[in-house]
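> Read left to right, the sequence shown gives residues 8 to 158 (our numbering). Glycine residues also receive a C-beta, built at the ideal position from the N, C-alpha and C atoms. None of these values were measured; they are calculated from a predicted model.
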Amino acid sequence: MDLSQNEAARKHWISMLSQALPEELETAFEALAESPDYRWLRPAESGLAMVRARAGGTGQRFNLGETTMTRASILLGDTAGHGYLIGRNKRHAELAAVFDALLQQPSLQSKLLESVIQPIAERLHSNKKQQSQETDKTRVEFFTMVRGESD
8 MDLSQNEAAR
18 KHWISMLSQA
28 LPEELETAFE
38 ALAESPDYRW
48 LRPAESGLAM
58 VRARAGGTGQ
68 RFNLGETTMT
78 RASILLGDTA
88 GHGYLIGRNK
98 RHAELAAVFD
108 ALLQQPSLQS
118 KLLESVIQPI
128 AERLHSNKKQ
138 QSQETDKTRV
148 EFFTMVRGES
158 D
């Protein structure tokens, strides 16, 4: 993989780790053959982050408001792992950082992508599909009738 492919893959798994259920990461962590020996670069801490939006999804950006966010950074050997998520679950951020570091290890990457990241992605896709189907049931189609020209 070249650098841009590595960056894209890492962005994907960091996104999946942040959206994982805490119990999914706990279960995956307990299933590891051996517990990773890591140290803190930045202990898990909560704070606020500005949420930005676009008017109509494509218009000019504006500040929508603030949300609580938690981040953590760990060092596993010489590899830094970072975890970011919306909310205040420090353990979730810690585990996300640990898995980010583990996923950067070529020897573990394919196994962890299959056993940790793929199930999270499948659950999220299934949830999105189900929500879309439920929303489609209430869709209303609007149309405009054109009046004829009077002479």
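Taking the alpha carbon of Ser122 as the reference point, which residue from Met152, Phe36, Ser11, Thr86 has its own alpha carbon closest?
Within the sequence shown, the letter at position 115 stands for residue 122. Looking at the Cα atoms, Phe36 is the closest of the given residues.
> Determine the contact status of Val105 and Gly84, defining contact as a CB-CB distance below 8 angstroms.
By 1-based counting over the sequence shown, the position of residue 105 is 98. By 1-based counting over the sequence shown, the position of residue 84 is 77. The answer is no: Cβ separation not under 8 angstroms.
> So who's on the other strand from Arg98, going by DSSP bridges?
As a working mapping, residue 98 is identified with position 91 in the sequence shown. DSSP, once it has assigned bridges, lists no residue as partnering Arg98.
> Along the chain, which unbroken stretches of the beta strand (DSSP E) at least 3 residues long are found entirely within the region 50-123?
List check, beta strand (DSSP E) in window: 68-83, 86-93.
> So what's Arg130 in DSSP terms, helix, strand or just coil?
Along the sequence shown, one-based indexing puts residue 130 at 123. It is helical.
> Would the region 122-133 and the region 54-69 be scored as touching if the rule is three or more Cβ pairs under 8 angstroms?
Short answer: they don't touch.
> Since Ala79 contacts Pro43 with CB under 8 angstroms, what's their CB separation in whole angstroms?
Residue numbering aside, residue 79 sits at position 72 when the sequence shown is read from its first letter. Residue numbering aside, residue 43 sits at position 36 when the sequence shown is read from its first letter. Going by Cβ atoms, the distance from Ala79 to Pro43 rounds to 14 angstroms, so no, they are not a contact pair.
> From Gln26 to Arg154, what does the alpha carbon distance come to, in whole angstroms?
As a first step, residue 26 must be located in the sequence shown, where it is residue number 19. As a first step, residue 154 must be located in the sequence shown, where it is residue number 147. So the two alpha carbons sit approximately 50 angstroms from each other.
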